[in-house]
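Chemist: Going by the UniProt record's numbering, the sequence shown opens with residue 1, and the numbers climb by one from there.
Glycine is no exception: its CB is placed at the ideal position from the N, C-alpha and C atoms.
My questions all concern the structure below.
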Amino acid sequence: MPIPLGYRGHVTSLEKLFRSCLTSLMLFRNRWTQCTTSREDRQIVRMAVTDRSVTSRTIAQHIESVMHHSVSARTTRRRLKQRGLSARRPLLGLPLTQSPRRLRR
């Protein structure tokens, strides 16, 4: 990127300012790391897939009791959304057996 003519004398100060802004931006981005492990993510998805009535708060409480690691309900909703699921409407449902299927027709 070419340097404007008016700033030739201040290149070092502009460069320092740019580097400090870039460094602070990188620190800000790296601070928000993922707080759940892949194992906890799989557990969250498994609960949502197997039980339709489960809520994100219930999943978070279950993860905390089993894994001894606190996870917020918002984090659970985020993880489910990443997999294309929600706490109320899971991706998979249990298949109907022949008798209830017959009764539904």
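On the three-state DSSP scale, how would you describe H69?
Modeler: Coil, per DSSP.
Chemist: In angstroms, rounded to a whole number, what distance separates the CA positions of R79 and S13?
Modeler: Those two C-alpha atoms are separated by around 43 Å.
Chemist: For S56, does the count of other Cβ atoms within 10 angstroms reach 16, so buried, or fall short, so exposed?
Modeler: It counts as buried.
Chemist: When the Cα atoms are used, what is the spatial distance from R83 to V45?
Modeler: Between R83 and V45, the C-alpha separation is close to 8 Å.
Chemist: Thinking just about the alpha-carbon of each residue, which of R39, T50, L85 and S86 is nearest to the one in I63?
Modeler: Of the candidates R39, T50, L85 and S86, the one whose C-alpha sits nearest the C-alpha of I63 is R39.
Chemist: Could you please give the first and the last residue of the uninterrupted alpha helix (DSSP H) stretch that includes A48?
Modeler: Where A48 is concerned, the enclosing alpha helix (DSSP H) stretches over S38 to T50.
Chemist: Drop a sphere of 10 angstroms on the beta-carbon of R77, count the other beta-carbons inside from all chains shown, and report buried for 16 or more, exposed for fewer.
Modeler: With 16 or more other Cβ atoms within 10 Å, it is buried.
Chemist: Just the C-alpha distance for Q98 and I59, rounded to the nearest angstrom, thanks.
Modeler: Going by the C-alpha atoms only, they are around 31 Å apart.
Chemist: Among T50, T36 and R102, which has the Cα closest to the Cα of R74?
Modeler: It is T36.
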